[in-house]
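Novice: For reference, the structure I am asking about is given below.
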Amino acid sequence: MSVPTTPRIRDRWRTWRGTVGALLLITLAAVLMVGLTAPRPGGYLDAEGTGLGGTHALVELLADQGVRVEQVRTLEEAREIATPDSLVVLARPEYLIDGDVLDRIDDLPGDLLLIEPLDAMLPELAPGASMGSYEPVRSRAPECGLREAVQAGTARMGGSFYQLTGPDARCYGGALIRYRPGGRTTTIVGSGDFMTNGKLAEDGNAALAMNLVGAKPRVTWFAPRIPLGDEPPSTLEELLPEQVDWLIWSLIVAVGLLAVAQGRRLGPVVAEKLPVVVRAAETAEGRGRLYRARRARDRAAHALRAACLDRVVPRLGLSPAAEPDAIVAAIAVRVGQDAGQIRSTLYGPAPEDDARLVALARRLDLIERQVRDS
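Now the structure itself:
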């Protein structure tokens, strides 16, 4: 870069060249740090995610053992790579509620591993299985004869608990079951917490995850990011006309030139208090609408129960890791109610309709108020 020769411009250049050089170095360092250290895209149980909720660490461990894990987002991709000697892992079942989608998933070859499946999915993908109660995720012993669980030992299990009408391998109190409906092995786990990057190193989580997922040499990790219907959604590129590229680039150049021209006229930054008030309840209302749209009464009930326990347990003088029996007994003594009724409210099965869900919310609110006022 040549230095201007006009005296006035040369003086300005001497004044600003240090600032410009520092900004360039900061920008370059920021780009390198983001590119090298930022977590890869992906949410909960995403095989490519390196955050606490992703499962990239599990994928790397399986790769060292010769197990190939391929993540897919659509049914078309799953059909292309799934084989009779492979394992299909359904990592985000809340996006797979559509009846036609479930039929097509059931037609995929190979064994199935269902992570936190909803009650509405079980008749199609796991006939004979039914959902029971919810319990907190904590360290549990296998208490079964399933080789994969016995070798792993204690693991962080919980969430949804399942039951079967016929013979089965039921481990960790029902948080893991395995049986063979329709001639193929189907495994169900009530929580995928033990597979995540943040929990894989605890207890026997890594061993259990590798034993369950690494049972086959090839794994199809099905983790959609949006609800799947009969057809995959069109991409933005498919929706745009072919002749729109030149217009977009023209707008980018025009905006850039306008920003350069107007940037010199901007004065100092002025702090201004924004006249916007956001209600704290909006997040809860939005989540409630999502649960209602998906008919996820089981998830809604679990969230209500977990929130109630988070507020009630400290008032009882118990630790967050207290056993359900201890919590129920403490509440019964505190409020003078029947322990069986309290257990049914806090740890019973999911409501079958909206009316029972509303009734459950009222009972939970009543228990919380009685504990608080007693």
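When we follow numbering that gives the first Met the number 0, the leftmost residue of the sequence shown carries the number 0, and every step to the right adds one.
For each residue, glycine too, the CB sits at the ideal point set by N, CA and C.
These numbers were taken from a predicted model, which means no experiment stands behind them.
Can you tell me whether Ile104 is buried or exposed? The criterion is at least 16 other CB atoms within 10 Å of its CB, across all chains shown.
Specialist: Within the sequence shown, numbered from 1, the residue matching residue 104 stands at position 105. Classification of Ile104: buried, given that the 10 Å Cβ count is 16 or more.
Novice: Look at Pro350 and Arg296 and say whether their C-beta atoms are less than 7 Å apart.
Specialist: Walking along the sequence shown from the start, residue 350 turns up at place 351. Walking along the sequence shown from the start, residue 296 turns up at place 297. Yes, the pair counts as a contact, with Cβ atoms nearer than the cut-off.
Novice: Less than 6 Å between C-beta atoms, sequence neighbours within five positions excluded: which residues of the same chain meet that for Leu74?
Specialist: As a first step, residue 74 must be located in the sequence shown, where it is residue number 75. Same-chain partners within the cutoff: Arg103.
Novice: Can you tell me where the beta strand (DSSP E) holding Ala168 begins and where it ends?
Specialist: Indexing the sequence shown from 1 puts residue 168 at position 169. Run containing Ala168: 168-170, per the beta strand (DSSP E) assignment.
Novice: Excluding the 5 residues preceding and the 5 following Ala174 in the sequence, name in chain order all residues of the same chain whose CB lies nearer than 6 Å to its CB.
Specialist: As a first step, residue 174 must be located in the sequence shown, where it is residue number 175. The answer, listed in chain order, is Met156, Gly157, Phe160, Gly189.
Novice: Provide the residue span of the beta strand (DSSP E) that contains Leu89, from first to last.
Specialist: In the sequence shown, residue 89 corresponds to position 90, counting from 1. From DSSP, the beta strand (DSSP E) with Leu89 extends over 86-89.
Novice: In terms of DSSP beta bridges, what is Tyr178 paired with?
Specialist: Against the sequence shown, residue 178 aligns to sequence position 179. Tyr178 is bridged to Thr185.
Novice: For Arg183, which residues in the same chain have their Cβ closer than 6 Å to its Cβ, ignoring the five residues on either side in sequence?
Specialist: One-based indexing of the sequence shown puts residue 183 at position 184. Closer than 6 Å at Cβ, skipping near neighbours: Asp110.
Novice: Report yes if the C-beta distance between Leu112 and Ala151 is below 7 Å; otherwise report no.
Specialist: Within the sequence shown, the letter at position 113 stands for residue 112. Within the sequence shown, the letter at position 152 stands for residue 151. No.
Novice: Taking the alpha helix (DSSP H) that Glu123 belongs to, which residues open and close that run?
Specialist: The residue you call residue 123 lines up with position 124 of the sequence shown. Taken as a continuous stretch (DSSP letters only), the alpha helix (DSSP H) holding Glu123 covers 121-124.
Novice: I believe Leu86 touches Ile114 by the beta-carbon criterion, under 8 Å. Please report the beta-carbon distance rounded to the nearest angstrom.
Specialist: Within the sequence shown, the letter at position 87 stands for residue 86. Within the sequence shown, the letter at position 115 stands for residue 114. That belief does not hold up - the Cβ atoms of Leu86 and Ile114 are roughly 12 Å apart, past 8 Å.
Novice: Grab the span of the beta strand (DSSP E) containing Asp110 for me, first residue to last.
Specialist: As a working note, residue 110 is residue 111 in the sequence shown. Bounds of the beta strand (DSSP E) holding Asp110 are 110-114.
Novice: In whole angstroms, give me the CA-to-CA distance for Ala140 and Ile247.
Specialist: One-based indexing of the sequence shown puts residue 140 at position 141. One-based indexing of the sequence shown puts residue 247 at position 248. CA-CA distance, Ala140 to Ile247, rounds to 59 Å.
Novice: How many whole angstroms separate the CB atoms of Glu47 and Gln70, which I take to be in contact at a CB cut-off of 8 Å?
Specialist: Residue numbering aside, residue 47 sits at position 48 when the sequence shown is read from its first letter. Residue numbering aside, residue 70 sits at position 71 when the sequence shown is read from its first letter. Right, their Cβ atoms sit about 6 Å apart.
Novice: Answer yes if the segment 118-132 comes into contact with the segment 194-210, meaning at least three C-beta pairs across the two stretches below 8 Å, and no otherwise.
Specialist: no
Novice: With DSSP as the reference, label Ser318 as helix, strand or coil.
Specialist: Taking the first residue of the sequence shown as position 1, residue 318 is located at position 319. In this structure, Ser318 counts as coil in the three-state DSSP scheme.
Novice: Whether or not the segment 143-150 and the segment 248-258 are in contact is what I'm after, with contact meaning three or more pairs of Cβ atoms, one per stretch, closer than 8 Å; do they touch?
Specialist: Fewer than three Cβ pairs drawn from the segment 248-258 and the segment 143-150 lie within less than 8 Å of each other, which leaves the two stretches out of contact.
Novice: Expressed to the nearest angstrom, what Euclidean distance is found between the alpha-carbon atoms of Gly213 and Arg67?
Specialist: Residue 213 sits at position 214 when you count from the first residue of the sequence shown. Residue 67 sits at position 68 when you count from the first residue of the sequence shown. So the two alpha carbons sit approximately 9 Å from each other.
Novice: Would you grab the beta carbon distance between Val370 and Val327 for me? Rounded to a whole angstrom, and I think it's under 8 Å.
Specialist: Within the sequence shown, residue 370 is the residue found at index 371, counting from 1. Within the sequence shown, residue 327 is the residue found at index 328, counting from 1. So it is not a contact: roughly 12 Å between Cβ atoms.
Novice: Judging by CA-CA distance, which residue of Asp309, Asp353, Ala329, Ala325 is the nearest neighbour of Arg291?
Specialist: As a working mapping, residue 291 is identified with position 292 in the sequence shown. Nearest option by C-alpha distance: Asp353.
Novice: Taking Cβ to Cβ, would you say Leu315 is nearer than 7 Å to Ala329?
Specialist: By one-based count along the sequence shown, residue 315 stands at place 316. By one-based count along the sequence shown, residue 329 stands at place 330. Yes. Within cutoff.
Novice: Could you name the residues that DSSP lists as bridge partners for Thr219?
Specialist: Your numbering for residue 219 matches position 220 in the sequence shown. Thr219 is bridged to Glu69, Val87.
Novice: For Cys307, which residues of its own chain have a beta-carbon under 6 Å away from its beta-carbon, when the five flanking residues on both sides are left out?
Specialist: Looking up residue 307 in the sequence shown gives position 308. Excluding sequence neighbours, Cys307 sits near Leu363, Glu367.
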